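Take 0 as the starting number for the sequence shown in numbering that gives the first Met the number 0 and just add one per residue.
Have a look at the structure below, then the notes.
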Amino acid sequence: MTDPLELLATDRALARGRGDPCATLCTLANVDDHGMPQARTLVLRDVADRLAVFVNATSPKFPHLAHVSVVVWLPSLNVQYRLTCTTEPVPAALVAESWQLRPVVPKQLDWLYTRVQAQGTPIGSREALLETLASLLLPEPLVAPETASGFFLLPERIERLDLNQENGVHDRRRFTLGNPSWHEEVLVP
């Protein structure tokens, strides 16, 4: 039986090897307070042999991440994955450790969200944002704020669409998590 998570890991590694700019990204979708669908691009991380996304608790999306849909598009392979997931919090110690691997500017932004203004809130101008960020006092040593958080993705269903077929007929498969393994179905594309 094919394990779709192993297949996804293999495809992402191949895409990274090809320099695919989307190999480390995903589009995460959820529903907001008003029942409206919301989607955004996030970094898809491999943490403790599991898929995870990191967010800041000040983000408007934060309270709505219990059930999410995730799309991984790998243009260098012409392959798309759609995952239907529940989530589980990444332990704080693992968040703090992973946070240290972030580039400097996202670290600064996490502290801006925590100390000055929540993520996604209006600010007067781009210049005001840059000035606020430049004047922000950061802790020494630079550690993750308590608002830094992450969620493991727990896929319950995964669809893989391979558009790279010589005959032009896409290969679409659905994998549904059963007890104890995945069940695979071929779908009409």
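Just so you know, even glycine gets a beta-carbon here, dropped at the ideal spot from N, CA and C.
Just so it is clear, the structure is predicted and the values come from calculations on it, not from any experiment.
Query	Result
Residues that residue 83 bridges to, as DSSP identifies them	68, 156
Residue burial classification, residue 149 (beta-carbon count within 10 angstroms, cutoff 16)	buried
Alpha helix (DSSP H) segment containing residue 94, residue limits	91-98
Other residues of its chain near residue 110: CB distance less than 8 Å, five sequence neighbours each side excluded	135, 137, 138, 144
Opening and closing residue of the alpha helix (DSSP H) in which residue 130 lies	125-134
Residue 157 burial status per 10 Å Cβ neighbour count (16 or more: buried)	buried
Helix, strand or coil at residue 16 [DSSP, three-state]	helix
Neighbour-count burial assignment, residue 3, 16 or more Cβ in a 10 Å radius	buried
Pairwise C-alpha distance: residue 172 and residue 181	12 Å
Counterpart residues of residue 174 in DSSP-defined beta bridges	157, 183
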